[in-house]
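Numbering (this note's numbering), first residue to last: 0 to 186.
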C-alpha cells in the first residue's frame with residue numbers, strides 16, 4: 000500500500016516535517032550568504048539531504064588569517080541563522096565529528112596554534128579531542144576566535160536577512176543547486 004511504501008522510503012528522503020525542512024534550508028542558506036559576504040569563492044553545490052543539508056566549497060590549499068576567519072564565520076553561520084530566524088539553535092550544527100561546530104573548532108585550533116596566526120608562532124599538535132589538555136589561556140583564545148566568528152556571521156546575516164530568507168525558500172523548492180544553476184542565481 001501507499002502507506003507502507005512511504006514508511007519504507009522515509010529513511011532515504013529525510014524529514015518531511017515542514018519546520019525541520021525550513022530550519023535546514025535556513026541553516027544552509029546562512030552558510031552560503033555568510034561565505035559570499037565574507038569574500039569566499041562561490042560554493043560548487045548546495046543541497047538538502049536525507050541527513051540535513053550541505054554546502055560544498057572549493058578546497059582551500061593555503062590559508063591567510065583573513066580566509067581562516069571568513070571560513071570560520073561561514074562554518075558558524077548555519078547555527079547563527081537558526082538562532083536568528085528559527086528561534087534558536089538545533090543539534091544539527093554539532094552532530095558528530097564532521098559537524099559545523101567540530102570543523103569550526105578544528106579550524107580555530109589550527110589558526111591559533113598551528114599556522115602562526117595566534118599570539119605565538121610556536122606550533123602545537125593540539126587536536127579538538129585533546130582540547131581539554133590545552134592551557135586555559137589557549138582554550139580561551141580558541142573560544143574567543145569562535146565567538147568572534149559567530150558574531151561576524153550574525154552581523155552579516157542581519158545585514159543580508161532578505162537574501163538569506165529568499166535563498167532558503169528557493170532551496171526548499173529545488174532541494175539542490177549546483178554548477179550553472181547555482182552560478183546563475185549568484186550572479
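Even for Gly, the Cβ is constructed at its ideal location relative to N, Cα and C.
What does the Cβ neighbour count give for residue i, buried or exposed, with the cut at 16 atoms within 10 Å?
{"i": "residue 60", "result": "exposed"}
{"i": "residue 228", "result": "Because the chain is modelled from 0 through 186, residue 228 falls outside the range shown and cannot be assessed."}
{"i": "residue 67", "result": "buried"}
{"i": "residue 42", "result": "buried"}
{"i": "residue 121", "result": "exposed"}
{"i": "residue 90", "result": "exposed"}
{"i": "residue 132", "result": "exposed"}
{"i": "residue 79", "result": "buried"}
{"i": "residue 17", "result": "exposed"}
{"i": "residue 12", "result": "For residue 12, the predicted structure reports a pLDDT of 48, less than 50, and the residue's modelled location is therefore unreliable. A value from the coordinates is still provided. Exposed, by the Cβ-count rule."}
Can you check whether the CB of residue j is closer than 7 Å to the CB of residue i?
{"i": "residue 44", "j": "residue 55", "result": "yes"}
{"i": "residue 106", "j": "residue 71", "result": "yes"}
{"i": "residue 22", "j": "residue 85", "result": "yes"}
{"i": "residue 141", "j": "residue 118", "result": "no"}
Between which two residues does the alpha helix (DSSP H) carrying residue i extend?
{"i": "residue 51", "result": "Looking at the DSSP string, residue 51 is not in any alpha helix (DSSP H); the run it does join, the beta strand (DSSP E), is 51-55."}
{"i": "residue 17", "result": "17-36"}
{"i": "residue 144", "result": "135-158"}
{"i": "residue 126", "result": "First-last for residue 126: undefined, no H or E at that position."}
Is residue i helix, strand or coil when you go by DSSP?
{"i": "residue 121", "result": "coil"}
{"i": "residue 61", "result": "coil"}
What residue does the beta strand (DSSP E) around residue i start on, and which one ends it?
{"i": "residue 48", "result": "44-48"}
Open item on the list: Using 8 Å as the cut-off, can you tell me whether the stretch 151-160 makes contact with the stretch 32-41, which would need three or more C-beta pairs spanning the two stretches below that distance?
Closed with: Segment contact: the stretch 151-160 against the stretch 32-41, three or more CB-CB distances shorter than 8 Å; contact assigned.
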